[in-house]
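Report on one structure; see the data block that follows.
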Amino acid sequence: MKVQFRQATEADFDFLNKMHAACLKEHVERIYPWNPDLFGETFNPHLIRVILVNQIEVGMLQLLQCVGELYLGNLLILPKFQNRGIGTLILQSILDQGQASNLPVQLQVLKQNPAKRLYERLGFISVGETKTHYIMQYSPALKFGALSSSQRDSFWQQ
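Reading the sequence shown from the start, the letters are residues 746 to 903 in this note's numbering.
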């Protein structure tokens, strides 16, 4: 499997908008009404990379390097390409980037989104929550497997 990225352009809007709905609408509608215009209102192709697998467009990635962290805004894989290891491969690459830069990786995931299990499997832990989302973080500085839950909890209280 060859995973590549290309910078999104304005011409990608229809594809990305449809993918956004295909990936998130079901989860969002469990919380509040779906707003079909929201993606268009916030669309900025300069912040999006289109994910290609074997030269087929399968998803989108929004990864921002902020002060002191990498922030994963979106990692969406079209449903027909999910559960093939694509998201795991991309996430592992992002975690490796965070490790190399000694930066934590942070994201938010809808509470109803099953992707939370993937994030936990890769070492993300919940560090907070809103009414609708879990705030999750992967920290390269810690080997969480070697720490007790009380040690992890005390770290996040600092």
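Glycine residues also receive a C-beta, built at the ideal position from the N, C-alpha and C atoms.
{"Query": "For valine 795, which beta-bridge partners are listed by DSSP?", "Result": "Arg751 and Met805"}
{"Query": "DSSP beta-bridge partners for histidine 878?", "Result": "Leu855"}
{"Query": "Specify the secondary structure class of serine 871 as computed by DSSP and reduced to three states.", "Result": "strand"}
{"Query": "Got a sec? Which residues, its chain only, sit under 7 Å from lysine 856 by beta carbon, not counting five neighbours each side?", "Result": "Thr877, His878 and Tyr879"}
{"Query": "What does a CB cutoff of less than 6 Å around tyrosine 816 pick up in its chain, not counting 5 residues either side in sequence?", "Result": "Leu809 and Gln851"}
{"Query": "Please report the distance separating the alpha-carbon of aspartate 841 from that of isoleucine 835.", "Result": "10 Å"}
{"Query": "Which residues share a DSSP beta bridge with valine 819?", "Result": "Sequence inspection shows asparagine at residue 819; the valine mentioned does not correspond to that position. Gln807."}
{"Query": "On the CB-based measure, 16 or more other CB atoms within 10 Å of its CB, does alanine 795 come out buried or exposed?", "Result": "According to the sequence as given, residue 795 is valine; it is not alanine. Flag for valine 795 reads buried."}
{"Query": "Taking the continuous alpha helix (DSSP H) assigned at alanine 845, which residues delimit it?", "Result": "831-846"}
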